[in-house]
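Read in order, the letters of the first sequence correspond to residues 874 to 1478 in our numbering. Think of the CB as a built atom: it goes at the ideal place given N, C-alpha and C, for glycine as much as any other residue.
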Amino acid sequence: MELQFDPENPKYEYITNGGRAIEIFKELAKERVLAVDVETTGLDPHLDKLLLLQVGTPEISYIFDAREIDLKNLPIVHEVFENQQIIKLFHNAKFDYKFIRRHIGCETLNIYCTFLAEGVMTAGLGASLGLKDLAAKYLGLTLDKELQKSFIGLTGKIVPAQLVYAGIDTLMLFPIFEQQLVKLNKLDVAKIAKLEFSVCRVVAEMELKGIYIDQDKWRGIIANLDTKRHELAQQFQDMVRPYYKTTQEDLFGNTADAININSNAQLMDLFNNKLGLDMPSTGVAILKTTDHPAVNLLQDYRGYEKLISSFGDTLLAKINPITKRVHPSFMQLGAATGRFACNGPNLQQIPRNTEEAPFRECMNPAPGYDFVVADYSSFEMRILADLSGDENFVNAMNGGLDMHSYTASLMFDLPYDSIKTEHKDKRQAAKAIGFGLMYGMGPMGLAAQIKVEKEEAQQYMNRYFGAYPSVKAFLDGMAENAVKNGWSATPGGRKRWYKQPEKSDPDYNKKLSNIQRQAKNHPIQGTNADAVKYALVFLHERLKKEKVKGDVILTVHDEVVCEVPEDCSHDWSKIQEEEMVRAGELFIKKVPVISDPFVGKVWEH
DNA sequence: AGAGGTGGTG
DNA sequence: CATGCACCACCTCT
């Protein structure tokens, strides 16, 4: 690969006055493709400063000093970024988008992101996607990212070494872009890459906006849980103390804990060596089947410990001092299947509301706004119905039947109407099978799940697949092709790649089984992800088109939450439903796609 | 610092 | 052969 720039001596111009900036942007406006990068004092667009904005052509990088130039008030800057005809190249566009949006005020349209493109082309392989990695992979360049850190908290002058670093970052993007384009087409994932680029902007806006959390209510919940946790811990310690002779009192007469209740090693010692129980682990599945007062106390304690440690003060500490909201990070290629992953805080794992821990009730819209919450109803089941095309499955779903009850009636040869009334346990079993099989579960797993012998579980599976023969054919076909090709794909064109194990690998069979299960699940989970991502793009477009002063603020796998003004929230809920259904119907045509919208002041319905 | 165990979500 | 997918956070232990 012949580089068009000299990595030792990149061509750049450093601009510190508005007049020169206008001249340059007028020229840049004539380009078809521009590379963009920013240098900032930190990672938080609300707290940290924008230092440099680099905009480059393949030949030269223009480095604008954002402290010296009032970029926000230069219309030509906005025109270039919002110009649909000019492709803007980034590496991890989401980051730059947020700073440009927050500090310059413009949206960036027509994004190409080398980070996302690489992620789409290596999904499932666990490849490193940093700019440094791509520079090495595509250009054979060794990049020194040390200078990137030199911008953190910077208040003084920019030095030439920093400008060289800043310049290379845009110049590099062009040759990477060119090579990726060829590869995207060769691997037939250009369409899904485009989807990711479109979603990127919605995600960036979503992260900027964040979500309000009622701190007082949150603290109240935690305090209550903490009291209960403490009581249970005390009871547990009092109960097990007699088994530990060395227990001592401190100066104040407080009795020390006999063991650390959070230590599984110590719990195992207690249960197996002191209480005479024979337990393979301290997991909830084992605890449930063990009848001992200490075990019961531990289970109750664990419930509170989990909630407090994972969702207590640590989450409140993430509230942004500027916006007073939390700003989770949504990683759009966080999962190998195409699903989002979320962290800092992970709002995708906030517990469902219960009476004593209604955490989701603490997430509220701003004054004068409503939440519109909508999820896809039984979406993965509908996807399986459509992709397999199984006649029984599709007909039952189109007949509006309760699928788990219908499955149970077929499997156990019972009248459909009797399932919900007399045979609830059979419905539960059918449900477990239905979900388990979407994940490639075998008879062992099923037996453990519904507490029957392996042979009986195998019989259930045989009857399930007997009732839905095309479901079996579809899942087996996915597994077979994944092993044969080294990848699986969704109808939307999203691929997931698999490292094919060597025949000589001692774990060959284990790894092969893993691939087969992952490949059975991928088209289902992946199609869900594809539909939600199209929905996010559609919703964002409609918010603009209808001039609704609201935002998409959260997505949880099959659910989207918008925050919109009260006076239009009911109208918007219809639109949200419509757009989510439209997105789902891109892939699901044999059974209905149903989205249930809900308007209110709290998350969850 | 990283692995392993446990458990929260879809 | 091993035994249900996809994640992230917190804890303990090494």
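Suppose you measure from the CA of residue i to the CA of residue j; what does that come to, to the nearest Å?
{"i": "residue 1160", "j": "residue 1168", "result": "6 angstroms"}
{"i": "residue 889", "j": "residue 936", "result": "9 angstroms"}
{"i": "residue 1475", "j": "residue 1425", "result": "15 angstroms"}
{"i": "residue 1149", "j": "residue 1350", "result": "48 angstroms"}
{"i": "residue 1454", "j": "residue 1081", "result": "26 angstroms"}
{"i": "residue 878", "j": "residue 884", "result": "7 angstroms"}
{"i": "residue 1051", "j": "residue 970", "result": "22 angstroms"}
{"i": "residue 1045", "j": "residue 1259", "result": "44 angstroms"}
{"i": "residue 1285", "j": "residue 1348", "result": "23 angstroms"}
{"i": "residue 1206", "j": "residue 996", "result": "8 angstroms"}
{"i": "residue 1263", "j": "residue 1341", "result": "6 angstroms"}
{"i": "residue 1343", "j": "residue 1326", "result": "26 angstroms"}
{"i": "residue 1092", "j": "residue 1239", "result": "19 angstroms"}
{"i": "residue 1037", "j": "residue 1356", "result": "46 angstroms"}
{"i": "residue 1479", "j": "residue 1061", "result": "Only positions 874 to 1478 of the chain appear in the structure, and residue 1479 is not among them; the question remains open."}
{"i": "residue 1059", "j": "residue 968", "result": "28 angstroms"}
{"i": "residue 1296", "j": "residue 1004", "result": "57 angstroms"}
{"i": "residue 1229", "j": "residue 1464", "result": "39 angstroms"}
{"i": "residue 1318", "j": "residue 1300", "result": "18 angstroms"}
{"i": "residue 1265", "j": "residue 1089", "result": "52 angstroms"}
{"i": "residue 1386", "j": "residue 1158", "result": "24 angstroms"}
{"i": "residue 989", "j": "residue 1007", "result": "12 angstroms"}
{"i": "residue 1439", "j": "residue 982", "result": "29 angstroms"}
{"i": "residue 1236", "j": "residue 1188", "result": "12 angstroms"}
{"i": "residue 1477", "j": "residue 1470", "result": "11 angstroms"}
{"i": "residue 1331", "j": "residue 1322", "result": "13 angstroms"}
{"i": "residue 1010", "j": "residue 896", "result": "36 angstroms"}
{"i": "residue 1399", "j": "residue 1333", "result": "27 angstroms"}
Per the DSSP calculation, residue i is bridged to which residue(s)?
{"i": "residue 937", "result": "888, 926"}
{"i": "residue 1415", "result": "Residue 1415 pairs with nothing; no bridge assigned."}
{"i": "residue 986", "result": "963"}
So, helix, strand or coil for residue i, using DSSP?
{"i": "residue 913", "result": "strand"}
{"i": "residue 1215", "result": "strand"}
{"i": "residue 903", "result": "coil"}
{"i": "residue 1479", "result": "The chain is shown only over 874 to 1478; residue 1479 falls outside these bounds and no answer can be derived."}
{"i": "residue 1468", "result": "strand"}
{"i": "residue 1375", "result": "coil"}
{"i": "residue 1286", "result": "coil"}
{"i": "residue 1432", "result": "strand"}
{"i": "residue 1476", "result": "coil"}
{"i": "residue 1352", "result": "helix"}
{"i": "residue 1032", "result": "coil"}
{"i": "residue 1102", "result": "helix"}
{"i": "residue 1361", "result": "strand"}
{"i": "residue 1369", "result": "strand"}
{"i": "residue 1438", "result": "strand"}
{"i": "residue 1128", "result": "strand"}
{"i": "residue 1096", "result": "helix"}
{"i": "residue 838", "result": "Any answer about residue 838 is impossible in this case: the structure gives the chain only from 874 up to 1478."}
{"i": "residue 1230", "result": "coil"}
Go through its chain and collect everything with a Cβ distance to residue i's Cβ below 7 angstroms, but skip five positions before and after it.
{"i": "residue 1402", "result": "1210, 1211, 1212"}
{"i": "residue 1359", "result": "1370, 1371, 1373"}
{"i": "residue 1023", "result": "1035"}
{"i": "residue 1442", "result": "1243, 1245, 1472"}
{"i": "residue 859", "result": "What the structure shows of the chain is the stretch from 874 to 1478, and residue 859 is not part of that stretch, so it cannot be assessed."}
{"i": "residue 1352", "result": "1389, 1392, 1393"}
{"i": "residue 1170", "result": "1105, 1108, 1109, 1112"}
In its own chain, which residues sit with a C-beta less than 6 angstroms from the C-beta of residue i, not counting the 5 before and 5 after it?
{"i": "residue 1191", "result": "1199, 1218"}
{"i": "residue 1144", "result": "1150, 1152"}
{"i": "residue 1042", "result": "910"}
{"i": "residue 1293", "result": "1278"}
Looking only at its chain, what residues have a beta carbon closer than 8 angstroms to the beta carbon of residue i, apart from the 5 residues adjacent to it on each side?
{"i": "residue 1289", "result": "1274, 1278, 1279, 1282"}
Touching by the beta-carbon criterion (3+ pairs, under 8 angstroms), the stretch 1171-1187 and the stretch 1069-1078: no
Stretch-stretch touch, CB-based, cutoff 8 angstroms, three pairs: the stretch 1309-1316 with the stretch 1388-1402: yes
Validate contact between the stretch 1407-1421 and the stretch 1447-1461 using beta carbons, cut 8 angstroms, 3 pairs: With the cut-off at 8 angstroms, the stretch 1407-1421 and the stretch 1447-1461 touch.
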